[in-house]
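Asks: Take this structure, written in structure tokens, and hold onto it; I'll ask about it next.
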Amino acid sequence: MILTRKRAKEIFNKVLKYSTADETEAHISSTTHSLTRFANNCIHQNVAEEGTSLSVRAVANQRTARATTNKLDEDSIRQVCEAALALARLAPPNPDLLTMPGPQMYRAVDRFSSETAELTPQARAETVQQAVQRAEADGLTAAGVYSSGVYFTALFNSRGLEAHHEESASEFSITMLLEGSSGWAKKTSTSCLDLEPEVLADRAARKALESREPKDVAPGKYCVILEPAAVLDLLGFLFFDFGGLAVLESRSCLTGRLGEKLFGENVSVRDDVFHPLQAGAPFDGEGVPRQRVGLVEKGTVKNLVYARATARKVGKEPTGHGFQLPNEYGEAPMNIVMDGGRSSLEEMIRSTPRGLLVTRLWYIREVDPYQKILTGMTRDGTFWIEDGEVRHGVRNLRFNQSVIEMLKQVEMMGPPQRTAGEESFEMVVPAMKVEGFNFSSVTKY
Amino acid sequence: MKQSGKRALDTAAARGATYADVRIMDIRQRYLATKNGETAQVRESQSHGLGVRVVADGAWGFASTDDLSGGGIDATAARAVEIAKASALVKKQDVELAPGNKIVDRWEASCRIDPFGVPVSSCLELMLKVDAELRRVQGVTLAEVGMDFNRIDQLFLSTLGSEIRQIKTQSGAGFVATSFARNEIQRRSYPNSFGGQYQTRGYELIEEMDLLGHAPQIAEQAVALHACDQCPAGEMDIILGGSQVGLQIHESIGHPIELDRVLGTEANFAGMSFLTLDKLGILQYGSEIVNVVADATPAHGPGLGTFAYDDEGVPAQCVTIIKDGKFVGYLTSRETAAAIGQSRSGASMRAEGWNRIPLIRMTNVSLLPGKGSLEELIADTDDGIYMETNRSWSIDDRRYNFQFGTEIGWEIKHGKKTRMLKNPSYGGITTEFWNSCDAICGPEEWVLWGTPNCGKGQPMQTMGTGHGASPARFHRIQVGVAYSK
């Protein structure tokens, strides 16, 4: 059962009753989540969870610590308050610790869908059944997930700050398999009504069929057309470097590069929690309202994001991107929106004499943190393009590519869309055509 | 706990479950971190809840809750059955399980020094001393130290009549020195990267690491990497340090032997495996000196994959995976063992917490030791590169094409470690790589490494796995691939 605002406030009042800290903050959250998982054309896992959490941060003499419990009886609330304070008292003083923020104003976002909250296991199974029927029509094997859930969070502190957010979430993801080839499609949304499972199933099926009997392509530099999921999973490794603390601590690839034209003229990126295709709460881990921040404008790194403590250190205003305190990381933009272009995927293909079309990437890891070289594999639908047409599927390739260099060589882009992958959080990003993408080896399987 | 569990089983049975098991868990965690002379993280949490897994109408259902009132338990068990009945709408056959036995037992992992009894102030004091040692070296721009403790108290009950209580304490710690200079970020970690070393033990593990004693050398190496030569590219012999061999085992043996992957149930996310059923007992996975076991028994050591019973209530076992280089065994569950005609599960099913369903997970997948010390192995190598401590890892969705990078390397010439090398990397194909293994160091170099962050499943579950390994040499490997232009 999801907590209500009223119940959350009652819990916080008990926290205030038991806390003897100089300052007290409470994150109270509640979730219900269900996920139907299928493979080999049948449902093989089907789960549901519900849970609550009370996380108390205490401040005592310039020291802070956090204790969390999922028991909400009177005794447990008292104990978690005592635990947070006892831990704080054992920590050395932190000179950078700021007093908690007072009451804030938040712009409302509506990200709750009752259809999603009420989706039943039976309804999910019926949708899966249709996807399996689509697979079987072409002799394919389907695997995937259909999930739905609701998340509620409330943040209070003893200086009067009070913030709430409730959001629904849903996901449909499907892989279609043939001997030697596969296709994949995925969508997430705050509303299950947006997911279009039948469209995704058909797209994944067509990719598997069109990439059957894949051929080898020699490693080398190729023009690639990256579908949005591939773009997303590469960019996901870049944006934690836009945290102010990451730059301050010289662990970011942007260290010494602020204000530099690091990417191509056609690359502009912002963080925008209010974008209609975005999700998430309009406040950060301390309750600071999230601001829109222009990160990259026409290829130039313009701004970073700042939690309160980082902002104080560098003389900036906080942007509302801090994580729950205490933490080691500071902040990061989590609502990335990249400007796109007007080219369709078909136009990108037609304009390509020789190249590769990539559906998604897999197991991406950072090879070099300053050059931002990433490695990973293509997966579930990689195609050879010749003379403006998709010719055939190819065996999966390994890439070693600097994402900074990649963003200097973007030739065409599609319209940005809400995109989900498996390596990064969701973003609003376009498909893109990139020159000179470096593939270093081919798998033999 | 027991009454709550029995109530869940009774409700599930009354609603139509033909099999049910329940796990009631109490999980306590403490995490401490320091950074550049300041406390970065002091956090403790407790989580308590119940998960019910059922078979009804021949299909699976699972539901979990942290509401352990009678009403909460009844509703959760009923939900699990309702979900199973929905699953039955899209099934090909009824769930079949390899036989299981009724077991009533209690097991507690050895823990000499309770980490939750060690004052937080003492831990932070040690961490800040390590931090100061790291930053004493000019050129270190970021010093990070972490400690992590977990206690998992679990009661498993099933409709077979099993009642199994298990209590495990896990500890971990490590530090990283980062140096930024001349448009380059270099890092060195101890005793391993990505959090350090983890085992199913108490604070005695932390004491044995001698974090403070290793800080100066690690910090100096982080800074020295800027000035040293780039690792050359080409085909050459490599010696991998023990922790890197541990991760190589994890990615290129541990994951492909998971039978659920082989049978396709992870196809949408984690992927499948090149180890199709026709390869069992036939494939020459590695050279004849390669022997690998998946051993969850306490006799193997206090790894993150050590337990007495898995989360289906099956006793821990030592399963031979590779015998004299030949592939002979998978990691299995009751359901997957039955699917390939085996008479019992290999006991590999584990769940991250009370709110997650058990999946096949690596236990302690270990490379058995060979002979000799690392020093002797280097002395036996005429021309090659020694690589230590993982920096990046990536492998395809069939676990065949891989690439790893390490934090540091040294050239070996005529049996001696010579110049330091930065940005080492190597890549290859799983079976070709293990067949090129021509030397494995002995028991004196063998360490049961802990990987605390293995991700699998949907919803994602993070699990700790163990990997016993000693340094090993591999012949004619492609080196320097990560920086190929």
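Protein chains in written order, with this note's numbering: chain A, 57 to 501; chain B, 1293 to 1777.
Ideal Cβ positions, reconstructed from N, Cα and C, are used throughout, including at glycine.
Predicted model, so just to flag it, every value in this text is computed and none were measured.
1) Taking the continuous beta strand (DSSP E) assigned at B:C1729, which residues delimit it?
2) Per DSSP, which residues does B:W1702 bridge with? Please list them.
3) How would you list, in chain order, the residues of chain B whose beta-carbon sits under 9 Å from the beta-carbon of A:L59?
4) Within 10 angstroms of its Cβ, does B:F1398 collect 16 or more other Cβ (buried), or is it exposed?
5) Taking the alpha carbon of A:D327 as the reference point, which residue from A:P338, A:L91, A:E130 and A:N97 has its own alpha carbon closest?
6) Taking a cut of 8 Å between CB atoms, which residues from the stretch 1402-1435 of chain B lie near chain A?
7) Check the Cβ of B:I1721 against every Cβ in chain A and list those closer than 7 Å, keeping chain order.
8) Between which two residues does the beta strand (DSSP E) carrying A:N102 extend?
9) Mapping the DSSP letters down to three states, classify B:D1445 as helix, strand or coil.
10) Could you run through the stretch 1744-1762 of chain B and flag, in chain order, every residue whose CB is less than 7 Å away from some CB of chain A?
11) Which residues, in order along the stretch 96-115 of chain A, keep a beta-carbon less than 7 Å from a beta-carbon of chain B?
12) Report the option in A:E252, A:L233 and A:A261 whose CA atom is closest to the CA atom of B:G1563.
13) What does B:F1561 touch in chain A if you count any residue whose Cβ is under 7 Å from its own?
14) With a threshold of 9 Å between beta-carbons, can A:T120 be considered close to chain B, or not?
15) Answer yes or no: does any C-beta atom of chain B fall closer than 9 Å to that of A:F439?
16) Establish whether the CB of B:A1332 and some CB of chain A are separated by less than 9 Å.
17) From A:Q185, A:Y419 and A:P382, pick the residue whose C-alpha is nearest to that of B:A1325; which is it?
18) Can you name the residues of chain B whose CB is closer than 7 Å to the CB of A:F94?
19) Okay, do the stretch 1692-1699 of chain B and the stretch 1710-1728 of chain B touch, 3+ Cβ pairs below 8 Å being the bar?
20) Round the Cβ separation of B:A1764 and B:C1733 to the nearest angstrom and send it over; I've been treating them as touching at under 8 Å.
21) Ignore the nearest five residues each way along the sequence and tell me which others in B:K1571's own chain have a CB closer than 7 Å to its CB.
22) Let me know the alpha helix (DSSP H) ranges lying completely inside the stretch 118-177 of chain A, each 4 residues or longer, listed in chain order.
23) Between the stretch 1479-1500 of chain B and chain A, which residues of the former have a C-beta closer than 7 Å to a C-beta of the latter?
24) At least one CB of chain A closer than 9 Å to the CB of B:A1774: is that the case?
25) Assign A:T124 to buried or exposed, taking buried as 16 or more other Cβ atoms, counted over all protein chains shown, within 10 Å of its Cβ.
26) From B:S1296, B:I1670 and B:S1637, pick the residue whose C-alpha is nearest to that of B:I1531; which is it?
27) When we look at the beta-carbon of A:A274 and count the other beta-carbons within 10 Å, is it buried (16 or more) or exposed?
28) Return the bridge partner residues of A:I84 from the DSSP annotation.
29) Inspect the CB distances between the stretch 441-449 of chain A and the stretch 396-411 of chain A and report whether three or more fall short of 8 Å.
30) Does A:I230 have its Cβ less than 9 Å from a Cβ in chain B?
31) Taking the alpha helix (DSSP H) that B:C1523 belongs to, which residues open and close that run?
32) What is the residue span of the beta strand (DSSP E) that B:K1460 lies within?
33) Can you list, in chain order, the stretches of the beta strand (DSSP E) that have 3 or more residues and sit fully within the stretch 1602-1650 of chain B?
34) Measuring straight from C-alpha to C-alpha, what distance separates B:K1377 and B:S1463?
35) If I measure Cβ to Cβ from A:K70 and keep anything under 6 Å in the same chain, skipping five residues before and after, which residues do I get?
36) Could you confirm whether any beta carbon from chain B is found closer than 9 Å to the beta carbon of A:L233?
Replies: Let's see:
1) C1729 to I1732
2) B:Y1678 and B:M1712
3) Going along chain B, no residue has its Cβ under 9 Å from A:L59, so there is no contact; the nearest lies around 12 Å.
4) The sequence given here places Arg at residue 1398 of chain B; Phe does not occur at that position. Classification of B:R1398: exposed, given that the 10 Å Cβ count is below 16.
5) A:P338
6) P1411, V1412, S1413, L1416, L1420, T1433 and L1434
7) K500
8) C98 to A116
9) strand
10) Q1750 and P1751
11) N96, N97, C98, I99, H100, Q101, N102, V103, A104, E105, E106, G107 and T108
12) A:L233
13) E478
14) yes
15) no
16) yes
17) A:P382
18) V1382
19) yes
20) 7 Å
21) F1619
22) 130-146 and 170-173
23) none
24) yes
25) buried
26) B:I1670
27) exposed
28) A:L110 and A:A210
29) yes
30) yes
31) No alpha helix (DSSP H) contains B:C1523, which DSSP labels as neither H nor E.
32) E1455 to A1473
33) 1610-1615
34) 41 Å
35) I133
36) yes
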